[in-house]
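Trainee: After the structure tokens below, expect a handful of questions from me.
Protein chains: 2
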Amino acid sequence: MGKVRFGVAISLDGFMAGPGQSVEHPLGAGGMRLHDWAFALAAWRRMHVGLEGGVENASTQVVEEALANVGAFVMGRNMFGGHPGPWGDGSWRGWWGETPPFHAPVYVVTHHPRSPLAMRGGTTFAFVTEGVEAAVARAREAAGGRDVVLGGGASLLRQALAAGLVDEAGVSIVPVLLGSGERLFDGLGGLALEQLRAIEAPGVAHLRYRVVR
Amino acid sequence: MGKVRFGVAISLDGFMAGPGQSVEHPLGAGGMRLHDWAFALAAWRRMHVGLEGGVENASTQVVEEALANVGAFVMGRNMFGGHPGPWGDGSWRGWWGETPPFHAPVYVVTHHPRSPLAMRGGTTFAFVTEGVEAAVARAREAAGGRDVVLGGGASLLRQALAAGLVDEAGVSIVPVLLGSGERLFDGLGGLALEQLRAIEAPGVAHLRYRVVR
Chain A
37 MGKVRFGVAI SLDGFMAGPG QSVEHPLGAG GMRLHDWAFA LAAWRRMHVG LEGGVENAST
97 QVVEEALANV GAFVMGRNMF GGHPGPWGDG SWRGWWGETP PFHAPVYVVT HHPRSPLAMR
157 GGTTFAFVTE GVEAAVARAR EAAGGRDVVL GGGASLLRQA LAAGLVDEAG VSIVPVLLGS
217 GERLFDGLGG LALEQLRAIE APGVAHLRYR VVR
Chain B
37 MGKVRFGVAI SLDGFMAGPG QSVEHPLGAG GMRLHDWAFA LAAWRRMHVG LEGGVENAST
97 QVVEEALANV GAFVMGRNMF GGHPGPWGDG SWRGWWGETP PFHAPVYVVT HHPRSPLAMR
157 GGTTFAFVTE GVEAAVARAR EAAGGRDVVL GGGASLLRQA LAAGLVDEAG VSIVPVLLGS
217 GERLFDGLGG LALEQLRAIE APGVAHLRYR VVR
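Those sequence lines, one after another, are chains A and B. Under my numbering, the final residue of the first sequence carries the number 249; numbering is consecutive throughout. Under my numbering, the final residue of the second sequence carries the number 249; numbering is consecutive throughout.
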């Protein structure tokens with residue numbers, strides 16, 4: 037059976053996003069700096085924005101592994117493309133464009149029901165109102181033995197960790213101190229982890245943990 | 037000139053000590069688990085407790101480097117051996133025993149003046165009431181070109197980082213979530229860091245940063 041896993045970048049002081057998050061600034065003040073190491077990579081540019089150029093380094097493997105063997109994704113409403121309240125006339129199709137980089141079923145956890153959206157390139161967005169556990173169960177089924185990747189945000193990841201739904205957590209620690217914002221690991225004292233690996237790369241350290249059940 | 041540096045272990049959620057710290061439990065609930073990786077090492081056992089046995093692994097180098105080329109130490113009062121108020125009759129000589137593992141001058145930042153203590157094995161404790169900046173200045177002078185190591189606790193390290201006194205920070209990230217306690221990096225948003233290295237070792241990832249001035 038596939039794993040349920042995620043991989044995120046956090047600041048050395050533990051934040052996945054800086055202060056002042058909003059629909060316009062989903063990563064908050066300074067939060068984009070958490071992803072500088074990824075934006076520089078040829079692998080990231082190719083997969084996410086269809087661009088040439090970029091570098092290869094020790095982070096390449098981490099990015100390639102993150103998107104290999106993925107059968108389905110689960111994400112929070114803000115990561116689909118935040119929306120202040122119900123979906124309205126349904127014309128808002130998220131902020132990933134008409135060809136999102138997922139190429140697989142994506143389950144969006146939201147309080148507001150909505151019919152599924154079929155995008156180009158194999159991405160479908162289904163909207164799940166029964167919570168993260170139900171979303172992960174549906175994603176597992178859709179993944180057909182491949183992995184389920186939790187895309188974020190922090191709140192969804194915390195809920196999934198607290199509910200014992202996560203097999204592996206990838207944490208890329210970036211040499212930035214944001215001072216405030218949204219923490220990945222708030223309120224999870226007592227969760228047992230086992231370190232699987234640590235990879236040094238330019239401007240980032242990629243750690244991976246198994247969540248012990 | 038020597039560097040001013042520190043090396044500490046923190047939980048993956050950022051704590052140097054768990055909740056409920058006290059003189060009897062200086063690392064708080066669960067905090068001892070932050071040091072399991074070190075206690076297992078032959079290098080640590082030899083240097084700190086004069087014991088045989090223990091293992092050699094990728095952490096050995098980190099522990100040996102931490103105690104190489106050290107000319108002086110600076111630490112907070114609680115790390116010398118917490119004392120609730122003034123020093124009283126002066127009979128309390130800290131909790132490091134009569135032969136502390138420092139073998140160098142140690143400057144203890146405290147609000148309460150006290151005459152210096154000469155211990156066995158080359159350790160002297162001097163008590164500095166003018167704050168961390170003055171303590172680091174005195175340690176630099178005593179170190180004579182070798183490094184000054186900040187021993188902790190978290191509050192002293194935060195003060196030193198905020199005051200721009202630190203050249204290098206070693207952060208050993210342990211796969212433990214403490215949930216609450218004392219954080220190393222609270223309130224330091226905006227401090228600029230450069231990642232120097234990341235070393236994978238059993239049960240811990242050793243990261244090192246340069247503080248950019």
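Just so it is clear, CB atoms sit at the ideal spot from N, CA and C, and this is done for glycine as well.
Apart from the five residues just before and just after Gly118 of chain B, which ones in its own chain have a Cβ nearer than 6 angstroms to its Cβ?
Mentor: Closer than 6 angstroms at the Cβ level, and outside the excluded window around Gly118 of chain B, lie Val59.
Trainee: How should Ser151 of chain B be labelled, buried or exposed, when 16 other C-beta atoms within 10 angstroms of its C-beta is the threshold for buried?
Mentor: Ser151 of chain B should be labelled exposed.
Trainee: I'd like the span of the alpha helix (DSSP H) that includes Thr96 of chain A, first residue to last.
Mentor: That run of the alpha helix (DSSP H) goes 94 to 102.
Trainee: So what does DSSP say about Asp222 of chain A, is it helix, strand or coil?
Mentor: Asp222 of chain A falls in the coil class under three-state DSSP.
Trainee: Mind checking whether Leu77 of chain B and Gly64 of chain B have CB atoms under 8 angstroms apart?
Mentor: Cβ distance not < 8 angstroms, so Leu77 of chain B and Gly64 of chain B don't count as in contact.
Trainee: How long is the line joining the alpha carbons of Ala178 of chain A and Pro141 of chain A, rounded to whole angstroms?
Mentor: Cα-Cα distance, rounded: 7 angstroms.
Trainee: Does DSSP put Leu197 of chain A in a helix, in a strand, or in coil?
Mentor: DSSP places Leu197 of chain A in helix when its eight states are reduced to three.
Trainee: Report yes if the C-beta of Ala74 of chain A is less than 7 angstroms from at least one heavy atom of the ligand SAH; otherwise report no.
Mentor: Ligands are entirely absent from the displayed structure, and the ligand SAH is therefore not among its contents.
Trainee: Using three-state DSSP, classify Gly67 of chain B as helix, strand or coil.
Mentor: Looking at Gly67 of chain B - three-state DSSP - the assignment turns out to be helix.
Trainee: Along chain B, which residues have their Cβ under 9 angstroms away from the Cβ of Tyr245 of chain A?
Mentor: Here the neighbours are Leu48, Pro211.
Trainee: From Ala241 of chain B to Pro149 of chain B, what distance separates their C-alpha atoms?
Mentor: Spanning the two alpha carbons is a distance of roughly 39 angstroms.
Trainee: Could you check whether the stretch 210 to 222 of chain A touches the stretch 221 to 233 of chain B, counting it as contact only if at least three pairs of C-beta atoms, one from each stretch, sit closer than 8 angstroms?
Mentor: At 8 angstroms Cβ cutoff, the stretches touch.
Trainee: Once DSSP output is grouped into helix, strand and coil, what is the label at Val240 of chain B?
Mentor: DSSP places Val240 of chain B in strand when its eight states are reduced to three.
Trainee: Return the chain-ordered list of same chain residues with a C-beta closer than 7 angstroms to the C-beta of Arg129 of chain A, the five sequence neighbours on each side being excluded.
Mentor: Once the five neighbours on either side are set aside, the close Cβ partners of Arg129 of chain A are Leu153.
Trainee: Give the straight-line distance between the Cα atoms of Ala190 of chain A and Glu218 of chain A, rounded to the nearest whole angstrom.
Mentor: Computed Cα separation, rounded: 7 angstroms.
Trainee: Apart from the five residues just before and just after Arg249 of chain A, which ones in its own chain have a Cβ nearer than 7 angstroms to its Cβ?
Mentor: Around Arg249 of chain A: Gly200.
Trainee: Pull up the distance between the alpha-carbon of Met111 of chain A and that of Gly187 of chain A, whole angstroms please.
Mentor: Each residue's alpha carbon lies about 5 angstroms from the other.
Trainee: Name the chain B residues that come within less than 8 angstroms of Glu8 of chain A, Cβ to Cβ?
Mentor: Here chain A comprises residues numbered 37 to 249, so residue 8 of chain A is not present and cannot be evaluated.
Trainee: If Gly206 of chain B sits next to Ala102 of chain B, beta carbons under 8 angstroms apart, how far is it from one beta carbon to the other, in whole angstroms?
Mentor: About 7 angstroms separates the two Cβ atoms, so the contact holds.
Trainee: Within a Cβ cutoff of 6 angstroms, which residues of the same chain sit near Ala108 of chain B, ignoring the five residues on either side of it in sequence?
Mentor: Answer for Ala108 of chain B: Ala140, Pro141, Ala175, Ala178, Ala179, Val184, listed in chain order.
Trainee: Quick check: the Cα distance between Arg81 of chain B and Glu88 of chain B, rounded to an integer number of angstroms?
Mentor: For Arg81 of chain B and Glu88 of chain B, the distance between alpha carbons rounds to 7 angstroms.
Trainee: Does chain B have any CB closer than 8 angstroms to the CB of Ser216 of chain A?
Mentor: It does: the Cβ of Ser216 of chain A has a partner Cβ on chain B nearer than 8 angstroms.
Trainee: So, does the CB of Gly200 of chain B fall closer than 8 angstroms to a CB anywhere in chain A?
Mentor: False, the Cβ-Cβ gap to chain A never drops below 8 angstroms.
Trainee: Using the three-state DSSP reduction, which class does Val59 of chain B fall into: helix, strand or coil?
Mentor: Here Val59 of chain B sits in coil by DSSP.
Trainee: In chain B, which residues lie less than 8 angstroms from Leu224 of chain A when you measure between Cβ atoms?
Mentor: The answer, in chain order, is Asp49, Leu213, Gly215.
Trainee: Taking the beta strand (DSSP E) that Arg81 of chain B belongs to, which residues open and close that run?
Mentor: Arg81 of chain B -> no beta strand (DSSP E), and no H or E assigned at all.
Trainee: Is it buried or exposed for Phe75 of chain A, if we count other Cβ within 10 angstroms and need 16 for buried?
Mentor: Answer is exposed; the Cβ neighbour count stays below 16.
Trainee: Would a check of beta-carbon distances place Ala241 of chain A closer than 8 angstroms to chain B?
Mentor: It does: the Cβ of Ala241 of chain A has a partner Cβ on chain B nearer than 8 angstroms.
Trainee: Closer than 8 angstroms, CB to CB, is Leu227 of chain B near chain A or not?
Mentor: By this cut-off, Leu227 of chain B is an interface position.
Trainee: In angstroms, rounded to a whole number, what distance separates the CA positions of Arg156 of chain B and Glu134 of chain B?
Mentor: Looking at the two C-alpha atoms, the distance is approximately 6 angstroms.
Trainee: To the nearest angstrom, how far is the alpha carbon of Trp73 of chain B from that of Pro238 of chain B?
Mentor: When rounded, the distance between both Cα atoms is 7 angstroms.
Trainee: For Ala234 of chain A, decide whether its Cβ has a neighbour in chain B, counting only Cβ atoms nearer than 8 angstroms.
Mentor: It does: the Cβ of Ala234 of chain A has a partner Cβ on chain B nearer than 8 angstroms.
Trainee: Name the chain B residues whose beta carbon is nearer than 8 angstroms to that of Phe221 of chain A?
Mentor: Result: Leu48, Asp49, Gly50, Leu213.
Trainee: Let me know the secondary structure DSSP gives Leu192 of chain A once reduced to three states.
Mentor: The answer is helix: DSSP assigns Leu192 of chain A an H, G or I state.
Trainee: According to DSSP, simplified to helix, strand and coil, what is Val247 of chain B?
Mentor: In this structure, Val247 of chain B counts as strand in the three-state DSSP scheme.
Trainee: Short of 8 angstroms in beta carbon distance, which residues of its chain neighbour Val99 of chain B, apart from the five on each side in sequence? Order them along the chain.
Mentor: Hits under 8 angstroms: Ala74, Leu77, Ala79, Trp80, Met83.
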